Amino acid sequence: MRNLIFLFIKHGGFVTFIFMEFLCMYLVINNNQTQRAIYLNSLSAASDILTEQVDKFSQFINLSSVADSLAKKNAELLAEAENAKFIKTVLKDTSKILETDQQFTFTAAKVISNSINNNNNSLSINRGFAHDVLPSKGVIEANQNGVVGIVKSTTKNHARVMSILHRQTLISASIKRNGHFGSIVWKGNDPKTVNLVDIPKHADVIIGDTVQTSGYSTLFPEGVMIGVVDTFWIPSGSNFFDIEVSLVNDLNKTKYVYVVNNLMAEEIKQTQKEGSNE
Amino acid sequence: MSNVVFSNILRFIGLVLVQVFIFNKIVIGGSNFNYVSLIIYPLFLMLLPLRIPHSVLVFLGFVIGVLVDAFYDSYGVHASASVFIGFIRPYILRLIEPKGGYTQNTSPTKRRLGPSWFFIYSAIILFLHLFFYFSVEAFTFYYIGEIILKTVSSFLISIIIITIYMFIFDPLE
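Quick mapping for you: the protein sequence lines, in order, are chains A and B. Sequential numbering of the first sequence, starting at 2, is according to our numbering. Sequential numbering of the second sequence, starting at 126, is according to our numbering.
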């Protein structure tokens with residue numbers, strides 16, 4: 002103990018200095034009006050800055066839950082859009098108000114895995130049959146700004162989505178300007194480009210035309226934008242255009258998607274089936 | 126040994142008394158130029174023996190500072206400056222160590238180490254002391270110009286008084 006005290010006296014200069022300075026500052030702040038005022042003022046300024054930083058950080062931490070709630074809200078808004086409704090009213094001269102039924106609703110989901118580099122690409126989302134996400138439902142981007150793919154299989158809480166960048170994906174699409182329709186396929190090289198086939202050669206196509214979903218399938222509502230016409234040509238001996246469409250969305254960046262629920266899908270399929278039986 | 130302790134105690138009492146009863150009352154410059162304070166008590170810390178332990182030096186700085194503060198009615202302001210001087214003195218001594226080094230068991234006085242060495246030594250310590258003191262007095266570097274003006278003007282007068290003191294008393298220890 003004695004040695005310890007001697008050791009401290011000999012080498013404890015810095016510690017003593019710090020301790021004594023703190024004591025002095027304590028005395029200064031508690032006994033002098035001017036310094037006290039400055040101290041309190043600076044303290045509150047510093048704590049303001051600190052609080053602000055902590056606030057910013059916690060906001061950042063909360064971002065993902067904010068994004069989740071926004072995605073849910075967005076899905077609700079998508080269901081309110083015009084192309085999600087089924088017009089019930091038979092138009093007559095006097096009828097002004099359209100009565101509509103809900104045809105499409107949307108389920109927000111988060112992408113948990115994704116690929117774009119393979120020949121057949123798929124992605125996984127965090128919604129499954131527990132959330133009414135079932136096979137062969139369409140999947141689109143937010144704001145109807147791009148098609149993501151088609152649900153292939155589901156488990157309770159997760160679903161596998163066949164990406165639009167999959168060779169077996171076939172999506173009915175039309176050119177917005179003139180209504181000619183064909184199919185979107187992917188030939189498996191450029192993840193930014195898909196091909197629109199089966200557009201007859203008498204259609205007038207120009208570069209920059211918007212390509213959107215046709216609404217002829219039960220998968221997607223009409224008018225979801227897919228991309229714009231990049232280049233096109235007519236292969237020799239063919240009656241159909243070969244059109245390259247550059248996608249409006251970047252599949253590699255997709256984080257939130259919306260699964261399309263077509264409430265009238267069964268009805269439509271039933272109708273088509275009966276029609277083909279005749 | 127007892128001679129060193131005795132002379133330092135005497136110097137402690139004398140410097141504090143002169144500081145608080147004479148230099149505290151002297152006003153230079155009047156109300157228009159209230160920038161000059163005569164500060165000589167750091168001389169006590171300058172002249173303490175070389176072998177004094179660092180922590181004791183810091184503690185003595187606190188003691189003399191608080192005592193001066195009691196009469197200046199500014200608790201802690203002088204003390205923080207003299208604690209700082211107590212802390213930094215060994216580093217300054219090392220910085221301006223003469224070629225032959227210091228003689229063991231002596232004090233850094235003018236008679237031991239020469240007038241020019243002592244002038245530099247006392248000037249550095251006094252300047253640092255005054256700068257620290259006026260900084261704590263202002264408690265913000267917002268008035269840095271005023272702090273420097275006060276430091277320099279007080280330094281010029283105080284260093285003259287300290288030099289005169291050393292020539293009059295010229296202590297060995």
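Just so it is clear, CB atoms sit at the ideal spot from N, CA and C, and this is done for glycine as well. All values derive from a computational prediction rather than experimental measurement.
Item	Value
In chain A, which residues lie with their C-beta within 9 Å of the C-beta of Gly201 of chain B?	Leu24, Cys25, Met26, Tyr27, Leu28, Val29, Ile30, Asn31, Asn32, Asn33, Gln36
Which of the three DSSP states, helix, strand or coil, is assigned to Trp234 of chain A?	strand
Whether or not the segment 205-213 of chain B and the segment 160-170 of chain B are in contact is what I'm after, with contact meaning three or more pairs of Cβ atoms, one per stretch, closer than 8 Å; do they touch?	yes
Residues in the same chain with beta-carbon distance under 7 Å from Glu142 of chain A, minus the five sequence neighbours each way, listed in chain order, please.	Val149, Asn250, Thr255, Val258
May I ask you to list the residues that DSSP assigns as paired with Thr52 of chain A?	Note: Thr52 of chain A sits in no beta bridge, so no partner.
Assuming Asn244 of chain A and Asn196 of chain A form a contact by the criterion Cβ under 8 Å, report the distance between their Cβ atoms to the nearest whole angstrom.	For the record, residue 244 of chain A in the displayed sequence is Ile; it is not Asn. At roughly 7 Å, the Cβ-Cβ gap stays under 8 Å, so Ile244 of chain A and Asn196 of chain A are in contact.
Answer yes or no: does any C-beta atom of chain A fall closer than 9 Å to that of Glu262 of chain B?	yes
Around the C-beta of Asp210 of chain A, are 16 or more other C-beta atoms found within 10 angstroms, so that it is buried, or is it exposed?	buried
Met226 of chain A: buried (16+ other C-beta within 10 angstroms of its C-beta) or exposed?	buried
Run through chain A and tell me which residues come within less than 9 Å of Thr234 of chain B, C-beta to C-beta.	Here the premise fails: no neighbours, minimum Cβ distance about 22 Å.
Quick one: what's got a C-beta closer than 6 Å to Gly228 of chain A's C-beta in the same chain, skipping five residues either side?	Val212, Val246, Ser247, Leu248, Val249
Got a sec: is the Cβ-Cβ distance from His179 of chain B to anything in chain A below 9 Å?	yes
Under a Cβ-count criterion, where at least 16 other Cβ atoms within 10 Å of its own Cβ denotes burial, should Val16 of chain A be classed as buried or exposed?	exposed
How should Pro222 of chain A be labelled, buried or exposed, when 16 other C-beta atoms within 10 angstroms of its C-beta is the threshold for buried?	buried
Could you give the uninterrupted runs of the alpha helix (DSSP H) lying entirely in the segment 240-297 of chain B, keeping only those of 4 residues or more?	240-263, 269-294
Figure out for me which residue from A:Arg168, A:Ser175, A:Ser137, A:Arg128 has the closest Cα to the Cα of Lys157 of chain A.	A:Arg128
With distances taken from CA atoms, which of A:Cys25, A:Asp191, A:Lys89, A:Thr219 is nearest Val152 of chain A?	A:Thr219
Give me the Cα-Cα distance between Lys274 of chain A and Thr170 of chain A, rounded to the nearest whole angstrom.	22 Å
Drop a sphere of 10 angstroms on the beta-carbon of Ser279 of chain B, count the other beta-carbons inside from all chains shown, and report buried for 16 or more, exposed for fewer.	buried
State the DSSP-derived secondary structure class of Lys86 of chain A, mapped to helix, strand or coil.	strand
For Tyr257 of chain A, which residues does DSSP report across the bridge?	A:Lys111
What are the residues in the segment 182-199 of chain B lying within 9 Å of chain D by C-beta distance?	The structure shown contains no chain D; its protein chains are A and B.
Strictly under 9 Å for the Cβ-Cβ distance: is Ile50 of chain A near chain B by that measure?	no
For His159 of chain A and chain B, any beta-carbon pair shorter than 9 Å?	no
Under three-state DSSP, which class holds Gln104 of chain A?	coil
Given this structure, state the Cα-to-Cα distance separating Gln271 of chain A from Gln103 of chain A, to the nearest angstrom.	19 Å
For the segment 227-236 of chain B against the segment 175-184 of chain B, do three or more pairs of beta-carbon atoms, one drawn from each stretch, fall closer than 8 Å, so that the two count as touching?	yes
Residues of chain A with a CB under 7 Å from the CB of Phe212 of chain B: which are they?	Gly14, Phe18
Ala72 of chain A: which of A:Ser45, A:Leu44, A:Lys111, A:Leu41 sits nearest, CA to CA?	A:Lys111
My parser needs the alpha helix (DSSP H) runs of 4 or more residues fully inside the segment 169-227 of chain B; what are they?	179-197, 202-220
For Thr306 of chain A, does the three-state DSSP call read helix, strand or coil?	The structure shown has nothing for residue 306 of chain A, since chain A only spans 2 to 279.
Let me check one thing: in DSSP terms, what residues is Val186 of chain A bridge-paired to?	A:Asn196
Should Ile141 of chain A be flagged as near chain B, meaning a C-beta pair shorter than 9 Å?	no
Quick check on Pro233 of chain B: buried or exposed, where buried means 16 or more other Cβ atoms within 10 Å of its Cβ?	buried
Expressed to the nearest angstrom, what Euclidean distance is found between the alpha-carbon atoms of Tyr216 of chain B and Lys57 of chain A?	44 Å
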